[in-house]
Structure formats: C-alpha cells, structure tokens
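Trainee: Take this structure, written in structure tokens, and hold onto it; I'll ask about it next.
There are 2 protein chains.
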Amino acid sequence: MKLELSRVVQGGSRLGVLRGLGRTGRHSLEVPGCLLYTHFGTVPHLTQDTLHTLSSLPSVTQVTLSNIAEHQEVLEEFKSGFRKFAGLHDTVLYCSLHDPATPCPTGYTTNKTVSVWGSGGRIELTVAKFMALQRTVQPDWYQSMADGETWQKNTSRKRVRKSVDRTLAHLDECLLVHQKSQELEGVEVFGVVEGGDILEERVRSARETAKRPVAGFCLDGLQTGSMDQILRTQLITAVTKELPEDKPRLLQGVGRPDEVLAGVEAGVDLFESFFPFQVTERGCALCFSFDISPDPERAVLELDKERDAAGETQQNGDLNLDDQTQMTSFEINLKDKRYQDDFRPLVEGCGCYCCKNHQRAYLHHLLVTNELLAGVLLMIHNTAHYHGFFGALREALANDKLDLLKRKVLRERGGQAERKD
Amino acid sequence: MKLELSRVVQGGSRLGVLRGLGRTGRHSLEVPGCLLYTHFGTVPHLTQDTLHTLSSLPSVTQVTLSNIAEHQEVLEEFKSGFRKFAGLHDTVLYCSLHDPATPCPTGYTTNKTVSVWGSGGRIELTVAKFMALQRTVQPDWYQSMADGETWQKNTSRKRVRKSVDRTLAHLDECLLVHQKSQELEGVEVFGVVEGGDILEERVRSARETAKRPVAGFCLDGLQTGSMDQILRTQLITAVTKELPEDKPRLLQGVGRPDEVLAGVEAGVDLFESFFPFQVTERGCALCFSFDISPDPERAVLELDKERDAAGETQQNGDLNLDDQTQMTSFEINLKDKRYQDDFRPLVEGCGCYCCKNHQRAYLHHLLVTNELLAGVLLMIHNTAHYHGFFGALREALANDKLDLLKRKVLRERGGQAERKD
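One line per chain: the protein sequences are A and B, in this order. Counting in our numbering, the first sequence runs from 14 upward without gaps. Counting in our numbering, the second sequence runs from 14 upward without gaps.
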C-alpha cells in the first residue's frame, strides 16, 4: 500500500491515490475517498450485479468482525476466505472491528479482550482469537484490535489513558502474531488512534502508533454523536500532525457530508460509507447538491428550495447529536405526504437506476405500503449519490474549489447547516 | 384475446397460446401458464432490471385492487395509468380484486359492495367506485367484481347461492358501465365463477357467467386451504365442462406445484404466481425437480434425497391445510442448521443469478443474521424455478409426458406428496 499525494492544501486536505492495494497490488483508491460499506459482505438490499450497475464504486469493500465472528467455524471449514464465501467480485477486502452503523454497548473491554456483537450476542475476542479470525477471513488489510470505549462524554482521563495503553499493547501483540503467520504475508495492518476527547492522549496515541510498522491509521472514538464538530476538528488536526504524510488516515464512524468535509480539511483521507444505508433505512433519499460546474444554478436552487421546505416540517431532524437514526438536512423524507403526488425523480438529472425509472410518488407509495422494493431503490440512489459526492469532493480539491463545494453542500448559508452545538 | 389450443388431453389438460393480448394485441401467453405476481406493480424485492435478467417471464403482470385502491386520487392526478406510474416495462396489465398471498377477512360483502384491504384498512367498493378504479388503473384486462366469501368450510347453501347471484349481478353492472366507458375500449373483462363447495352452484355460476360477453373466467373460492384436492378437482372439472373451449380459465389462489398439476388436468389454463413469494418470505428455496429429459437421474436423486432429509425434521410442514405460511415439500428451509456449511448452490445446475453466484451456506448466514439481501437472492431463485416449472409443464404436455412430470414433481412415490386429507 503506497499513498501518492498530488496535492496538500495548507497542511490539511490531501488529494492523492492509494496504490498497490490487494495481494496482487493491482488495485488503487483515490483519496479523499470512502470504502464500500457492507453487512456480511453485501451492500444491504443490493445484489452484486445491481451494485455494479453503479459507476465509480470504491475498489475496497469493508466487512466487520461483528458480522463475521460468529461464523468462524464455517469459514474455517470453507477454507477459501470470506471474499469467496460471500461471492464478492474482484475487490480489496478491508476488515474492521465494529459495524459503524451499529453503536456498541460499552463496559465489556478488558486488558486482554475486546467484544463484538453478532446476531447471537456478544463474542469476546482475545488477541489469539482475533488473529485466528483474520487468518480465516483472509482480508487484504485489517484494523488492529482496539479499546474504543472512550467516545462517550465524561469518560475519565484515567479511563482514556488506559484505552490508549491497551490499544497500543493490542497492536504490539497483533503485530507479533501477524509477523509469524505465513497466511498473513502481504496483508496490511492499520493501527488505531484512541484518546477520547483529551488532546494530549490523542497526540500520545498518534505518536506511539506511528512508531509501529503499520500501513495506515484508524481514527477511532470520534464518531458522529461523540462530540461537537469544533472539538472533533481540533483533535483530528492534532492527530494528523503527528502521523507520517505517506500513510493513509481513516476516520471511523463519520459519514455526514458536512462532517466528511470538516474531516478532509483536518487531514483525513478515508471514510466508511455507512451513511447512505442509514438514510435508506429511515425511508429517506439523499438530495444535497454537490454540483459546482459553471451553470448548475437552477438545479441547485430547486434542490435547496426543496430541502428548505422539507426542513419546515422536520426542523428537529438535525439537532439530536446522539441519535444517528434522525434524519439530516441532506435528505428528504419520502414517507412525507408532500411526495404522494410528486411525479419527479428523486434528484433531477441523477443518472442512477432509481431516478431514471421511478418518481418520488411511486417511492412514497412503496414506502407507506411497506413494499420490499423501496429499500432496494433507495439504496441504489443513496449509494450512487454518496459516492458521487466523494467524486465531486476530489474534483473540487484538484481544482482549488473546496470552498465553493462546501458552500454548495452546506447550502450557501455560511455554514448554518454545520453543527455548532 | 384469443385462445389457440394446440392440444387437449382427454378433455382435461389444454396446451395452447393466448394471443392478441394488450391494447396493441402484440403480446401472447402460453398456457398452461401463470401471471407475474406483484405487490403494487413490483415483484417483491426485485427491480425491473433484476427481474428481466430472468428468462421466460410471463408477458402478463398482475396487480390487485387491494394494493391500489387507497392510492386512487394520486393515480387520477397522474393520469397516465398504473403501468407508467409503477415504471413497468412493456407488459400486459391484469388487475385482480384481492392479493392471492393475503387472506381477506370475511363478513364485509353486501349486495351493493365488496371490500378490499389496503395498508390503511378496509376500502368499500361499489360498482361505480370499482369501475372508476379500472378507468384510473388502465389495465388491459381485469377481473369483474365478485362476492368471494364462500370459500370457508361450512358456508350454508343459502349463502353460497347468494354469492353466485350477487357475483352475476355485479358482472352485469360492471359490463354495463364498461360498455359505456370510452376509456375502457379494448379492455377485457373476466367473469368470476363462484359456488363454494356446492357442485350445483358451481355449475350454475359457470353456465350463467358463460352467457355474458366476457373474455375469460376466474375460478374463485377454490384456493389452497379452502378444501381438499379431490373435492377441488371435482368442482373444477364440473365447472370447466360448462365453459366454452375457446376462452381461458384462471384458477385463483392456487400455487403449489401439486395443486397446479391437478388444476391443469381438470382444465385450468392460468395461475397466479404468488407461491414463490410465499416460499421466499419463509426463508425457503424451491428445489423440486421437474427435469424429465432423458438422463437427469443423478440430479433428481440428489434433490430427492435432500428433500427426504429435510422432511425428517419438517414433517409437519405439509399437513396444515389452512396455513399458507407453512413450508411445503417442494422447498428447503435454508435457516436450518444443516445448511450452514453446505457449499453447494441452491439447486445444482440452476442457471439463476443466485445459484450461479452463491452457496447455500452463504444464504443460510444471510438469513440467520437477517441480512436484507437474503430476500432478494431467494426471490430471484424461486421466481426462476417456478416459471421454469411452468415451462417444463408445457413441454411435458406437448410431448405426452405429463404423467412422467407428475411423478417427478410428486417424487415418484405414486402421489405420496399429494394431499389426500
């Protein structure tokens, strides 16, 4: 894995390509970018065939141990790794610890173990078990074991310090096993930066992790709902300053477009794409504008008008920091009666299958009558829209137009849609 | 609509083609055949694109007023008919009264009205409202209004007689409105044969309906769970004898392969394809064999062995007449632990997307962890398998091998799998 940066803006935003991915080294991923979010290897609702009708999908698929751990025995018997078990097309496989769309209970981490939650309940992982799982899953790249329980407000300094220490110890143990495992030859490890909301601990965690032979860094404990954006930006900026320029930084648990933009400005390269899934599950469609080509005024005005209108009835949607299930100002709620006779596509001009074939009124009716196709169609659109946003983000960086993009995404109101709480 | 029969076996099974379907008259449908079952225009779980990767789909799509009635206002405003509203590809649209996969409460029919149940509750339809709906939906062909409440055991002779009378009166009123509606020019009407389990009433209903200017006949009140197969066959045989040879007969609410075969032998041409959906919803995969080509012995033995094995743990599945949610002997329950390390496709040799790309073990894991893709994949396979069965059925009829096919489907045990209760 090799990060080639073509542009770094004021020590913050980075534009580049992550090359040499996968065991063959044939794959690459543009940054800022995101990984393809999956449940047990599947993008929720979508077959691989449907998925691959979408253009510009990331070349890296994320799976999480919380989905996989309970199936270890079967995977061991299968022998050929998770990629083949899940019938995945040619893709780079990244294995993370937790599902970013599902908050974990806290209080279960010990000095020797972390826990993940599958459908059958909690599974406790020692380093030995964690590494055995990696050998079974056969990812190209995985997140090291980590104590990520310090994201909650009012976590004591002592607990935060312990989490940093534990995570470093886990990393050292994982690396030790890793280096001895022939099966894991060529597989990359990401170290995890912890430190809660305490600046010094974040810096210490970053500095210490950077000393280890890792391919990149996961920034944990900064997820949506854990803190306000100003503090998050301060912490990320302090952390990325400590990290080597030539290795990628993955911000875990952050997916909202405004938070992604702030993360990129603070030096983050990679994100997890669970946000379109959350939007789909609440029956919503992403409709924020990221088109900064010369004359998109009309379309943007149209979209903005709409989001303003939607906002009238859903003003509370954006305020609850702790509830990721609440809708944001980047989406419209298709269950709303206003869409029952709206015969336009979800987003005018969108090239996705859903927008080309169906109208809002039809989606509204599928949703209110609980038709099973609603999730499929919304997931197609939301996935296409979200990955389109990342494409626009890279283009804006390349053309020195990040500010313009920010204004579009934050609705040209100088950041009113940004969360200041 | 014109039925061209190429073969009639012993006054029972009929092989042929229904031509001149749709307003352009370009479409045709082979019989015995089935209509494409949908919820509000969508095959549950599948996009039109995914659906059309399946070969040999019926050219006729069935929608039901129970799904549509509550959306009449929006459809009226939309003006261009349901086919366009639902973004359907070029297809013939057939509109029936009730959803065959959802049993209706009884006790709500009056002399002047029938009721359908949407997501918002009961909707009472007079002939005027029923016909207004047809003008809005703009189907190519619809089922006339009917009092179908006499399928329950122990319905009195008086109630059955009333239902036959009412249904005939409804038909006359519908035809009167139909003939005066310019919008319905070229649209075909199917009359509904009622009569519960009383032979004389069935015969009277058939005879009287046949006197009206209808394009074909719906055989109502004979659905799975209403009576045993011997009685059903007697009634159907008596009814089809009264009906003109050159018009199609659609048996409502019957989808199990054994019951379809019995229906065909009694002179039925058309069925509704809700069965694969029911199988999908209970997490099962159709796996019965219908391959009667010269040397399919090995594959069949394999399948039979499996179904026998599955039967061991699921013997009760077939016995409960009244519960359509119970699994049948034509399917395997993929949630069963036996499949957790079964790395074969659902059906060896099946050409569907699911069987070509995934194994039983993966489906098992998707199901036990409630992954949203499970329904999509199962629906693809079950739909392909079911329509494949109808293709095999026509081929068997053409080649005088219906008996052989029956033995395959009923597992070569002289009908042990047939229900004799």
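Glycine is no exception: its CB is placed at the ideal position from the N, C-alpha and C atoms.
When the cut-off is 7 Å and only beta carbons count, does Gln-75/B lie next to chain A?
Mentor: no
Trainee: Taking the continuous beta strand (DSSP E) assigned at Phe-203/B, which residues delimit it?
Mentor: 201-206
Trainee: Near Ser-109/B, which residues of its chain fall below 8 Å by C-beta distance, leaving aside the five closest residues on each side in sequence?
Mentor: Gln-75, Val-76, Thr-77, Leu-78, Tyr-155, Gln-156, Cys-231, Gln-265 and Glu-285
Trainee: Of the residues that make up the stretch 38-57 of chain A, which ones have a beta carbon closer than 9 Å to any beta carbon in chain B?
Mentor: For the stretch 38-57 of chain A, which is checked against every Cβ of chain B, the residues closer than 9 Å are His-52, Phe-53, Gly-54, Thr-55, Val-56 and Pro-57.
Trainee: With distances taken from CA atoms, which of Gly-280/B, Arg-179/B and Thr-250/B is nearest Asn-124/B?
Mentor: Arg-179/B
Trainee: Please classify Ser-176/B: does DSSP put it in a helix, a strand, or coil?
Mentor: Under the three-state reduction of DSSP, Ser-176/B is assigned to helix.
Trainee: Going straight from the alpha carbon of Glu-43/A to that of Leu-49/A, what length do you get?
Mentor: 13 Å
Trainee: Quick one, which of Gly-362/A, Leu-212/A and Leu-415/A has its alpha-carbon nearest Ile-305/A's?
Mentor: Distance from the Cα of Ile-305/A is smallest, within the candidate group Gly-362/A, Leu-212/A and Leu-415/A, for Leu-415/A.
Trainee: Would you check if there are 3 or more beta carbon pairs closer than 8 Å linking the stretch 257-264 of chain B to the stretch 352-369 of chain B?
Mentor: no
Trainee: Compare the beta carbon distance of Ser-218/A and Val-206/A with 7 Å and say whether it is the shorter of the two.
Mentor: Yes. Within cutoff.
Trainee: Run down chain A in chain order and give the residues with a C-beta less than 8 Å from the C-beta of Gly-100/B.
Mentor: Close partners of Gly-100/B in chain A (Cβ separation under 8 Å): Asn-370, His-371, Gln-372 and Tyr-375.
Trainee: List the DSSP bridge partners of Trp-154/B.
Mentor: Tyr-107/B and Glu-201/B
Trainee: Does any CB atom of chain A fall closer than 7 Å to the CB of Thr-382/B?
Mentor: Output row for Thr-382/B: interface = yes.
Trainee: Under a three-way DSSP split, which group does Asn-346/A fall into?
Mentor: It is a strand residue.
Trainee: For a cutoff of 7 Å on Cβ pairs, would you count Ser-79/A as touching chain B?
Mentor: no
Trainee: Within 10 angstroms of the Cβ of Thr-104/A, are there 16 or more other Cβ atoms? Answer buried if so, exposed if not.
Mentor: buried
Trainee: How would you label His-191/A, buried or exposed, when you count the other beta carbons within 10 angstroms and need 16 or more for buried?
Mentor: buried
Trainee: Using beta-carbon positions only, say whether Ser-72/B and His-40/B come within less than 7 Å of one another.
Mentor: yes
Trainee: Roughly how many angstroms lie between the CA atoms of Ser-339/B and Leu-406/B, to the nearest whole one?
Mentor: The displayed chain sequence assigns Gln, not Ser, to residue 339/B. Those two C-alpha atoms are separated by around 25 Å.
Trainee: Should Gly-24/A go down as buried or exposed, given a rule of 16 or more other Cβ atoms within 10 Å for buried?
Mentor: exposed
Trainee: Between Leu-184/B and Thr-222/B, how many whole angstroms is the CB-CB distance? I'm expecting something under 8 Å.
Mentor: 7 Å
Trainee: Quick one: is Thr-293/A near chain B, going by C-beta distance under 7 Å?
Mentor: False, the Cβ-Cβ gap to chain B never drops below 7 Å.
Trainee: For Leu-59/A, which residues in chain B fall below 8 Å Cβ to Cβ?
Mentor: Leu-386 and Val-389
Trainee: Determine, for Asp-349/B, whether the minimum Cβ-Cβ distance to residues of chain A falls below 7 Å.
Mentor: It does not: the Cβ of Asp-349/B has no partner Cβ on chain A nearer than 7 Å.
Trainee: Can you give the Cα-Cα distance for Leu-385/A and Ser-302/A, rounded to whole angstroms?
Mentor: 28 Å
Trainee: Which residue comes first and which comes last in the beta strand (DSSP E) that contains Ala-298/A?
Mentor: 297-299
Trainee: Where does Tyr-121/B fall in DSSP's three states?
Mentor: coil
Trainee: How long is the line joining the alpha carbons of Val-150/B and Leu-88/B, rounded to whole angstroms?
Mentor: 7 Å
Trainee: CB-CB under 7 Å to Gly-133/B, same chain, minus the five flanking residues each way: which ones, in chain order?
Mentor: These residues qualify, in order along the chain: Glu-83.
Trainee: What does the alpha-carbon distance come out to for the pair Ser-26/A and Phe-402/A?
Mentor: 16 Å
Trainee: In whole angstroms, give me the CA-to-CA distance for Thr-168/A and Leu-274/A.
Mentor: 27 Å
Trainee: With H, G and I counted as helix, E and B as strand and the rest as coil, what does DSSP make of Cys-365/A?
Mentor: coil
Trainee: Can you grab the Cα-Cα spacing for the pair Lys-348/A / Pro-358/B, in whole Å?
Mentor: 38 Å
Trainee: Checking contacts by CB at 7 Å: is Gln-353/A closer than that to chain B?
Mentor: yes
Trainee: Assign Asn-395/B to buried or exposed, taking buried as 16 or more other Cβ atoms, counted over all protein chains shown, within 10 Å of its Cβ.
Mentor: Asn-395/B should be labelled buried.
Trainee: For chain A, is any of its Cβ atoms less than 7 Å away from the one on Thr-63/B?
Mentor: yes
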